[in-house]
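**Student:**
Numbering (our numbering), first residue to last: 2 to 110.
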(Lines of atoms letter the chains of each structure in order from A and count residues from 1; the text may use other names and numbers.)
(Lines give C-alpha, C1' and ligand atoms only; values in the text may rest on other atoms or scores of the structure.)
Protein backbone atom coordinates (compact mmCIF):
# COMPACT_ATOMS: atom_id res chain seq x y z
CA UNK A 1 0.00 0.00 0.00
CA UNK A 2 2.95 2.31 0.19
CA UNK A 3 3.72 2.16 -3.50
CA UNK A 4 2.82 5.48 -5.19
CA UNK A 5 1.51 3.57 -8.22
CA UNK A 6 -1.18 1.93 -6.09
CA UNK A 7 -2.27 5.31 -4.77
CA UNK A 8 -2.34 6.60 -8.32
CA UNK A 9 -4.61 3.74 -9.38
CA UNK A 10 -6.88 4.34 -6.38
CA UNK A 11 -7.05 8.08 -7.15
CA UNK A 12 -7.71 7.42 -10.84
CA UNK A 13 -10.43 4.86 -10.04
CA UNK A 14 -12.03 7.24 -7.51
CA UNK A 15 -11.92 10.08 -10.04
CA UNK A 16 -13.48 7.90 -12.73
CA UNK A 17 -16.20 6.70 -10.34
CA UNK A 18 -17.02 10.23 -9.15
CA UNK A 19 -16.96 11.53 -12.72
CA UNK A 20 -19.24 8.72 -13.88
CA UNK A 21 -21.61 9.33 -10.99
CA UNK A 22 -21.63 13.05 -11.76
CA UNK A 23 -22.36 12.40 -15.44
CA UNK A 24 -25.15 9.94 -14.60
CA UNK A 25 -26.75 12.33 -12.10
CA UNK A 26 -26.49 15.26 -14.53
CA UNK A 27 -27.98 13.29 -17.42
CA UNK A 28 -30.76 11.94 -15.22
CA UNK A 29 -31.51 15.47 -14.00
CA UNK A 30 -31.63 16.83 -17.56
CA UNK A 31 -33.80 13.94 -18.73
CA UNK A 32 -36.20 14.41 -15.84
CA UNK A 33 -36.33 18.17 -16.39
CA UNK A 34 -37.06 17.80 -20.10
CA UNK A 35 -39.74 15.20 -19.37
CA UNK A 36 -41.38 17.52 -16.85
CA UNK A 37 -41.29 20.42 -19.33
CA UNK A 38 -42.82 18.18 -21.99
CA UNK A 39 -45.61 17.11 -19.67
CA UNK A 40 -46.17 20.70 -18.61
CA UNK A 41 -46.57 21.74 -22.24
CA UNK A 42 -48.87 18.84 -23.05
CA UNK A 43 -51.04 19.46 -19.99
CA UNK A 44 -51.15 23.17 -20.76
CA UNK A 45 -52.36 22.40 -24.27
CA UNK A 46 -55.02 20.05 -23.02
CA UNK A 47 -56.18 22.52 -20.39
CA UNK A 48 -56.43 25.23 -23.06
CA UNK A 49 -58.44 22.85 -25.25
CA UNK A 50 -60.79 22.07 -22.37
CA UNK A 51 -61.21 25.77 -21.63
CA UNK A 52 -62.14 26.32 -25.27
CA UNK A 53 -64.71 23.53 -25.13
CA UNK A 54 -66.19 24.88 -21.90
CA UNK A 55 -66.41 28.37 -23.41
CA UNK A 56 -68.14 26.90 -26.46
CA UNK A 57 -70.63 25.04 -24.27
CA UNK A 58 -71.17 28.17 -22.22
CA UNK A 59 -71.98 30.13 -25.37
CA UNK A 60 -74.30 27.40 -26.62
CA UNK A 61 -76.11 27.26 -23.28
CA UNK A 62 -76.51 31.04 -23.25
CA UNK A 63 -77.93 30.94 -26.77
CA UNK A 64 -80.41 28.25 -25.77
CA UNK A 65 -81.44 30.13 -22.65
CA UNK A 66 -81.99 33.25 -24.74
CA UNK A 67 -84.15 31.21 -27.14
CA UNK A 68 -86.18 29.87 -24.21
CA UNK A 69 -86.54 33.40 -22.83
CA UNK A 70 -87.77 34.59 -26.23
CA UNK A 71 -90.33 31.77 -26.29
CA UNK A 72 -91.52 32.66 -22.79
CA UNK A 73 -91.88 36.29 -23.84
CA UNK A 74 -93.93 35.19 -26.86
CA UNK A 75 -96.15 33.04 -24.63
CA UNK A 76 -96.54 35.94 -22.19
CA UNK A 77 -97.57 38.21 -25.06
CA UNK A 78 -100.15 35.64 -26.19
CA UNK A 79 -101.53 35.35 -22.65
CA UNK A 80 -101.78 39.13 -22.44
CA UNK A 81 -103.67 39.15 -25.74
CA UNK A 82 -106.01 36.42 -24.45
CA UNK A 83 -106.49 38.41 -21.24
CA UNK A 84 -107.38 41.49 -23.26
CA UNK A 85 -109.86 39.48 -25.31
CA UNK A 86 -111.43 38.03 -22.15
CA UNK A 87 -111.77 41.54 -20.72
CA UNK A 88 -113.50 42.69 -23.90
CA UNK A 89 -115.74 39.61 -23.86
CA UNK A 90 -116.60 40.23 -20.21
CA UNK A 91 -117.61 43.81 -21.04
CA UNK A 92 -119.79 42.57 -23.90
CA UNK A 93 -121.44 39.97 -21.68
CA UNK A 94 -122.07 42.61 -19.01
CA UNK A 95 -123.59 44.84 -21.69
CA UNK A 96 -125.80 42.00 -22.95
CA UNK A 97 -126.80 41.17 -19.36
CA UNK A 98 -127.76 44.80 -18.76
CA UNK A 99 -129.76 44.87 -22.00
CA UNK A 100 -131.54 41.62 -21.16
CA UNK A 101 -132.33 42.90 -17.66
CA UNK A 102 -133.75 46.08 -19.17
CA UNK A 103 -135.88 44.07 -21.63
CA UNK A 104 -137.16 41.81 -18.86
CA UNK A 105 -137.98 44.84 -16.72
CA UNK A 106 -139.84 46.48 -19.63
CA UNK A 107 -141.73 43.27 -20.36
CA UNK A 108 -142.78 42.89 -16.74
CA UNK A 109 -143.99 46.48 -16.39
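Cβ atoms here follow ideal geometry from the backbone N, Cα and C, with glycine treated the same way.
These numbers come from a predicted model, not from an experiment.
Using three-state DSSP, classify residue 95 as helix, strand or coil.
**Tutor:** Residue 95: helix per DSSP, three-state reduction.
**Student:** Where does residue 3 sit, in a helix, a strand or coil, going by DSSP?
**Tutor:** In this structure, residue 3 counts as coil in the three-state DSSP scheme.
**Student:** How many Å lie between residue 21 and residue 47 at the Cα?
**Tutor:** Distance between the alpha carbons of residue 21 and residue 47 is about 39 Å.
**Student:** Does DSSP classify residue 70 as helix, strand or coil?
**Tutor:** The answer is helix: DSSP assigns residue 70 an H, G or I state.
**Student:** My output table needs one value for residue 110: the three-state DSSP class, helix, strand or coil.
**Tutor:** Residue 110: coil per DSSP, three-state reduction.
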